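Chains as they are written, first to last, in the numbering used here: chain G, 8 to 120; chain V, 2 to 155. Beta carbons are placed, not taken as given, at the ideal position from N, Cα and C, and that holds for glycine. As the structure is a prediction and not an experimental result, all values here were calculated from the model.
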């Protein structure tokens, strides 16, 4: 069975996270679960990858985070998309369209052969 | 639940107590407990829930550079003592360490050669006694013999 290339998908984790944050504030596990559901289980984003993406997006100002205290000593970090994040999301979507267009031409060539 | 802590302890044993490393551990812990609790609430057993959490955690090694988290620079490091100095982020430091290490290797190598030559009497006309108390005599004799050898062949 063909598996998704981690090298390819790595550059587009940001799109997935930001798309989910467009619907409102969310947290790590919820985002991970939604990505799994939206891709019918074909892609499961690992916690380390997710945290790395959050740290990068926050550093760049594309998301902001708030720590909320839950019952007991439990804490949860919620992420929100910023205005800059929306611009970045649009730019990444355009980049993906271009990538798909370019790679698509070569995939068709291979399919005919 | 303690298995999550044990897992994180195992991962972070190679990472010193810095702000970045603490933040990484805290956030990973949050997500792991959230997932574990959700899976248990869905009806999974504790063992099944932990197995899924463990399998989907991922590899910290592959994202550590991006996160700026650092490992110990000593033998605690998973890649050995030199890993922190060969980091692409510290090329100058790596260069200095390499120069120091190779200089020490060179000096020790020369001393060993002098000592061995002094001891075996290969170029000389007498044997020098074995032992630490006459080690300096051996070094010096060996050094003179190397010099003599070089001058003689010139």
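Requested in this report: Determine the chain V residues that contact residue 53 of chain G at a beta-carbon separation under 7 Å, and present them in chain order.
Outcome: Taking the first chain and counting its residues from 1, the one referred to as residue 53 of chain G is at position 46. By Cβ distance, chain V contributes 57, 58 and 59.
Report task. Would you kindly work out how many angstroms separate the C-alpha atoms of residue 97 of chain V and residue 7 of chain V, rounded to a whole number? Result -> Locating residue 97 of chain V in the second chain gives position 96, where the first residue counts as 1. Locating residue 7 of chain V in the second chain gives position 6, where the first residue counts as 1. One C-alpha to the other measures close to 37 Å.
Requested in this report: Measure the alpha-carbon distance for residue 18 of chain G versus residue 26 of chain V and round it to whole angstroms.
Outcome: By 1-based counting over the first chain, the position of residue 18 of chain G is 11. By 1-based counting over the second chain, the position of residue 26 of chain V is 25. Here the alpha carbons of residue 26 of chain V and residue 18 of chain G stand approximately 24 Å from one another.
Requested in this report: With a 10 Å radius around its C-beta and 16 neighbouring C-beta atoms as the bar for buried, classify residue 111 of chain G as buried or exposed.
Outcome: Working through the first chain from its first residue, we reach residue 111 of chain G at position 104. Per the 10 Å Cβ criterion, exposed.
Query raised in the report: Per the contact definition of three or more C-beta pairs closer than 8 Å, is the region 91-107 of chain G in contact with the region 36-43 of chain G?
Result: Cβ pair count under 8 Å is below three, so no.
Requested in this report: With a threshold of 16 other CB atoms inside 10 Å of the CB of residue 107 of chain V, please say whether the residue is buried or exposed.
Outcome: Locating residue 107 of chain V in the second chain gives position 106, counting from the first residue. So residue 107 of chain V ends up on the exposed side.
Report task. Under 7 Å between beta-carbons, which chain V residues line up against residue 84 of chain G? List them in chain order, please. Result -> Indexing the first chain from 1 puts residue 84 of chain G at position 77. Going along chain V in sequence order, the residues near residue 84 of chain G (Cβ under 7 Å) are 28 and 31.
Query raised in the report: So, helix, strand or coil for residue 41 of chain G, using DSSP?
Result: On the first chain, residue 41 of chain G is found 34 positions in, with the first residue counted as 1. Reduced to three states, the DSSP call for residue 41 of chain G is helix.
Requested in this report: Under the assumption that residue 68 of chain G contacts residue 89 of chain G (Cβ atoms under 8 Å), give the Cβ distance between them as a whole number of angstroms.
Outcome: As a working mapping, residue 68 of chain G is identified with position 61 in the first chain. As a working mapping, residue 89 of chain G is identified with position 82 in the first chain. Between residue 89 of chain G and residue 68 of chain G the Cβ distance is about 6 Å, and since that is below 8 Å, they are a contact.
Query raised in the report: Within 10 angstroms of its Cβ, does residue 3 of chain V collect 16 or more other Cβ (buried), or is it exposed?
Result: Taking the second chain and counting its residues from 1, one reaches residue 3 of chain V at position 2. Taking all protein chains in view, the Cβ of residue 3 of chain V is surrounded by fewer than 16 other Cβ atoms within 10 Å, so the residue is classified as exposed.
Query raised in the report: At which residues does the alpha helix (DSSP H) containing residue 13 of chain G begin and terminate?
Result: For the purposes of this step, residue 13 of chain G is taken as residue 6 along the first chain, with counting starting at 1. Taken as a continuous stretch (DSSP letters only), the alpha helix (DSSP H) holding residue 13 of chain G covers 13-17.
Query raised in the report: What residues of chain V sit near residue 36 of chain G, judged by a beta carbon separation below 7 Å?
Result: Translated into the one-based positions of the first chain, residue 36 of chain G becomes position 29. Simply 32, 35, 36 and 39.
Query raised in the report: Do you know how far the Cα of residue 43 of chain V is from the Cα of residue 101 of chain G?
Result: For this step, residue 101 of chain G is matched to residue 94 along the first chain. For this step, residue 43 of chain V is matched to residue 42 along the second chain. Annotation: residue 101 of chain G to residue 43 of chain V spans about 38 Å, alpha carbon to alpha carbon.
Query raised in the report: Secondary structure at residue 96 of chain G, three-state DSSP: helix, strand or coil?
Result: Within the first chain, numbered from 1, the residue matching residue 96 of chain G stands at position 89. The answer is helix: DSSP assigns residue 96 of chain G an H, G or I state.
Query raised in the report: What residues match up with residue 85 of chain G in a beta bridge as DSSP calls it?
Result: As a position in the first chain, residue 85 of chain G is number 78, starting the count at 1. Partner(s): G:34 and G:73.
Requested in this report: Look at the alpha carbon of residue 112 of chain V and the alpha carbon of residue 101 of chain V, and state the distance between them as a whole number of angstroms.
Outcome: As a working mapping, residue 112 of chain V is identified with position 111 in the second chain. As a working mapping, residue 101 of chain V is identified with position 100 in the second chain. Each residue's Cα considered, the two are about 16 Å apart.
**Report entry** Best match in G:51, G:99, G:113 and G:87 for proximity to residue 73 of chain G [C-alpha to C-alpha]
**Finding:** Translated into the one-based positions of the first chain, residue 73 of chain G becomes position 66. For residue 73 of chain G, the nearest C-alpha among the options comes from G:87.
Report task. Kindly indicate if chain C contains any beta-carbon less than 8 Å away from that of residue 113 of chain V. Result -> The chain labelled as chain C is not found among the protein chains of the depicted structure, namely G and V.
Report task. With residue 45 of chain V as the anchor, note down where its alpha helix (DSSP H) starts and where it stops. Result -> Locating residue 45 of chain V in the second chain gives position 44, where the first residue counts as 1. Here residue 45 of chain V belongs to no alpha helix (DSSP H), and DSSP marks it neither H nor E.
Requested in this report: Compare the C-beta of residue 80 of chain V against all C-beta atoms of chain G and say whether one is closer than 8 Å.
Outcome: Here residue 80 of chain V refers to the residue found at position 79 of the second chain. For residue 80 of chain V, the predicted model reports a pLDDT of 43, less than 50, meaning its position is unreliable; a value from the coordinates is still stated below. It does not: the Cβ of residue 80 of chain V has no partner Cβ on chain G nearer than 8 Å.
Query raised in the report: Per DSSP, what kind of secondary structure is residue 50 of chain G in: helix, strand or coil?
Result: Translated into positions along the first chain, residue 50 of chain G becomes position 43. Coil at residue 50 of chain G, not helix or strand.
Report task. Alpha carbon to alpha carbon, how far is residue 5 of chain V from residue 79 of chain V? Give it in angstroms, no decimals. Result -> Working through the second chain from its first residue, we reach residue 79 of chain V at position 78. Working through the second chain from its first residue, we reach residue 5 of chain V at position 4. Residue placement at residue 79 of chain V cannot be trusted, given a pLDDT of 41 that sits under 50; what the coordinates show is reported in the next sentence. About 20 Å.
Report task. Kindly list, in the order they appear in chain G, the residues whose Cβ is closer than 7 Å to that of residue 42 of chain V. Result -> Counted from its first residue, the second chain places residue 42 of chain V at position 41. In chain order: nothing, as chain G lies at least about 12 Å away.
Requested in this report: Report yes or no: do the region 44-63 of chain V and the region 49-56 of chain G share at least 3 C-beta pairs separated by less than 8 Å?
Outcome: Yes, the region 44-63 of chain V is in contact with the region 49-56 of chain G.
Requested in this report: Could you tell me the boundaries of the alpha helix (DSSP H) in which residue 25 of chain G lies?
Outcome: Here the question's residue 25 of chain G lines up with position 18 in the first chain. 20-29 is the extent of the alpha helix (DSSP H) around residue 25 of chain G.
Query raised in the report: Is there a Cβ from chain G that is less than 8 Å from the Cβ of residue 95 of chain V?
Result: The residue given as residue 95 of chain V occupies position 94 in the second chain. Cβ-Cβ to chain G under 8 Å: no for residue 95 of chain V.
Report task. Note down, in chain order, all residues in the region 5-27 of chain V with a beta-carbon under 7 Å from any beta-carbon belonging to chain G. Result -> Those residues of the region 5-27 of chain V that come within reach of chain G (Cβ to Cβ, closer than 7 Å) are 25.
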